[in-house]
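Student: 1 is the number of the first residue of the sequence shown in full-length UniProt numbering; add one for each residue after it.
Every residue, glycine too, gets a C-beta built ideally from N, C-alpha and C.
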Amino acid sequence: MLELQYELESKAAKWYATIDIANAFFSIPLAAGCRPQFAFTWRGIQYTWNRLPQGWKHSPTICHGLIQAALEQGGAPEHLQYIDDILVWGNTAEEVFEKGKKVIQILLKAGFAIKQSKVKGPAQEIQFLGVKWQDGCHHIPMDVINKITAMSPPTSKKEMQAFLCLVGFWRMHVPAYSQLVSPLYRVTRKRNCFEWGPEQQHAFEQIKQEIARAVALGPVRTGPAVQNTLYTAAGEHDLTWSLWQKTPEETRGRPLGFWSRGYRGSEANYTPTEKEILTEYEGV
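(1) Do Q227 and T188 come within 8 Å of each other at the CB atom, strictly closer than that value?
(2) Looking only at C-alpha atoms, which of P36, G262 and I148 sits nearest to Q206?
(3) Name the residue from V220, Y16 and L8 whose alpha carbon lies nearest to the alpha carbon of P122.
(4) Would you mind stating whether A234 and L180 have Cβ atoms separated by less than 8 Å?
(5) So, does the region 131-142 touch the region 100-120, judging by three or more C-beta pairs under 8 Å?
(6) Does the separation of the CB atoms of T232 and W241 fall below 8 Å?
(7) State yes or no: is the beta carbon of S10 nearer than 8 Å to at least one beta carbon in chain D?
(8) Using a Cβ-Cβ cutoff of less than 7 Å, which residues in the same chain neighbour K115 once the five nearest sequence positions on both sides are dropped?
(9) DSSP on P224, reduced to helix/strand/coil?
(10) Tell me, please, which residues DSSP counts as bridged to R261.
(11) Is I145 helix, strand or coil by DSSP?
(12) So what's E274 in DSSP terms, helix, strand or just coil?
(13) I'd like the list of long-range same chain contacts for E9, defined as Cβ closer than 8 Å, with 5 residues on each side in sequence excluded.
(14) Check whether the Cβ atoms of S59 and F25 lie closer than 8 Å to each other.
(15) Can you grab the Cα-Cα spacing for the pair A32 / R51, in whole Å?
(16) List the endpoints of the continuous beta strand (DSSP E) containing V119.
(17) May I ask you to list the residues that DSSP assigns as paired with Q127?
(18) Counting pairs of beta carbons, one from the region 31-50 and one from the region 75-82, are three or more of them closer than 8 Å?
(19) Using the three-state DSSP reduction, which class does K57 fall into: helix, strand or coil?
(20) Less than 8 Å separating the beta-carbons of I19 and G130?
(21) In chain order, what residues of the same chain have a beta carbon less than 6 Å from the beta carbon of E95, not counting five sequence neighbours either side?
(22) Could you say which of G262, A176, W244 and V144 lies nearest to R254 if we only look at CA atoms?
(23) Between which two residues does the beta strand (DSSP E) harbouring A39 extend?
(24) Terminal residues of the continuous beta strand (DSSP E) containing L30?
(25) Let me confirm a value: H173 is counted as buried when at least 16 other C-beta atoms fall within 10 Å, else exposed. Which label applies?
(26) Rank C193, V144 and T155 by C-alpha distance to the C-alpha of W170 and give the top, closest one.
What follows is the structure, encoded as structure tokens:
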């Protein structure tokens, strides 16, 4: 999914539209010879699936491949696809509308169903795969920010892990993320009891503040006039790096992402120079 985000960042589109196929798995019939493999018994009666079942580990891959093949064979305009979610983009609303119309026609001809409520746009900002997109930049959606900032301190390891999973998805928006959440990860370790103290409370509030003020990332620009700058820093407990781009007409650059991680194994024993070299290596 990150590869799709990186590709979309490079488009710097002005308008977007998304298409979500309705009941995509159930639109795909199973071959008669394969149906016995999906037999099950419920309340004493035996049944079998005759459509691609949800919950089977190979269903997403099969579904993605069939939709991809249908779009390629139908000559679909440039788009991004993740299983049954499709996004098209362009510089005008009319261009995006025509692209979306063409994609829908191809999908309908291939036997997939499209609900009007599943089609969003054309719009200048849109959500795709949970990310808000505008002008080629990806933002944390406001409903996600509100959800995170309204969360109460966790009372168990399970709740702490759920919080870290939620904020971790947006870690590229947060400078020095690994350092900020380190006190929170400590209470989730198996050998540690869940003990919530002032250090954890401070880290919890700080990461919520960082999410609330997170900047947009992108768009990715190319060309000889674009200046790419990699900033790195090797701290006492972790290493951090960020990538920025700047064009001649801009007074300050735009961030493409922030990365960080703790030292692994013997890396903590490296000399300061070795740590800086390691950080630069990770960044490159």
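Tutor: Result, derived from the coordinates:
(1) Position 188 of the sequence shown holds residue 188. Position 227 of the sequence shown holds residue 227. The answer is no: Cβ separation not under 8 Å.
(2) Position 206 of the sequence shown, counted from the first residue, corresponds to residue 206. If we check each option's Cα against that of Q206, I148 comes out closest.
(3) For this step, residue 122 is matched to residue 122 along the sequence shown. The shortest C-alpha separation from P122 is found at Y16.
(4) Here residue 234 refers to the residue found at position 234 when the sequence shown is read from its first residue. Here residue 180 refers to the residue found at position 180 when the sequence shown is read from its first residue. Contact: no.
(5) no
(6) Your numbering for residue 232 matches position 232 in the sequence shown. Your numbering for residue 241 matches position 241 in the sequence shown. Going by C-beta atoms, T232 is nearer than 8 Å to W241.
(7) No chain D is part of this structure, which consists of one protein chain only.
(8) Along the sequence shown, one-based indexing puts residue 115 at 115. Counting only Cβ-Cβ distances below 7 Å, and skipping sequence neighbours, we find A22.
(9) The sequence position of residue 224 within the sequence shown is 224, counting from 1. Coil, per DSSP.
(10) Here residue 261 is taken as the residue at index 261 of the sequence shown, counted from 1. R261 is bridged to L239.
(11) If you number the sequence shown from 1, residue 145 lands on position 145. Helix.
(12) For the purposes of this step, residue 274 is taken as residue 274 along the sequence shown, with counting starting at 1. Helix at E274.
(13) As a working note, residue 9 is residue 9 in the sequence shown. So the list reads G136, C137, H138, L217, G218, P219, V220 and L256, once near-sequence residues are dropped.
(14) On the sequence shown, residue 59 is found 59 positions in, with the first residue counted as 1. On the sequence shown, residue 25 is found 25 positions in, with the first residue counted as 1. Contact: yes.
(15) Mapped onto the sequence shown, residue 32 falls at position 32. Mapped onto the sequence shown, residue 51 falls at position 51. Distance between the alpha carbons of A32 and R51: 10 Å.
(16) In the sequence shown, counting from the first residue as 1, residue 119 sits at position 119. V119 to A123 is the span of the beta strand (DSSP E), which, as asked, contains V119.
(17) Taking the sequence shown and counting its residues from 1, the one referred to as residue 127 is at position 127. Answer by DSSP bridge pairing, in chain order: K132.
(18) no
(19) In the sequence shown, counting from the first residue as 1, residue 57 sits at position 57. Of the three classes helix, strand and coil, the one that applies to K57 here is coil, per DSSP.
(20) Here residue 19 is taken as the residue at index 19 of the sequence shown, counted from 1. Here residue 130 is taken as the residue at index 130 of the sequence shown, counted from 1. With respect to G130, I19 sits apart: the two C-beta atoms are not nearer than 8 Å.
(21) Sequence index remark: in the sequence shown, residue 95 carries index 95 (1-based). Correct list: empty, nothing qualifies.
(22) The sequence position of residue 254 within the sequence shown is 254, counting from 1. Nearest of G262, A176, W244 and V144 to R254, Cα basis: W244.
(23) Here residue 39 is taken as the residue at index 39 of the sequence shown, counted from 1. From DSSP, the beta strand (DSSP E) with A39 extends over A39 to W42.
(24) Along the sequence shown, one-based indexing puts residue 30 at 30. It is not in any beta strand (DSSP E) - L30 carries neither H nor E in the DSSP assignment.
(25) Residue numbering aside, residue 173 sits at position 173 when the sequence shown is read from its first letter. By the neighbour-count rule (16 or more Cβ atoms within 10 Å), H173 is buried.
(26) Taking the first residue of the sequence shown as position 1, residue 170 is located at position 170. With distances taken between Cα atoms, W170 lies closest to V144.
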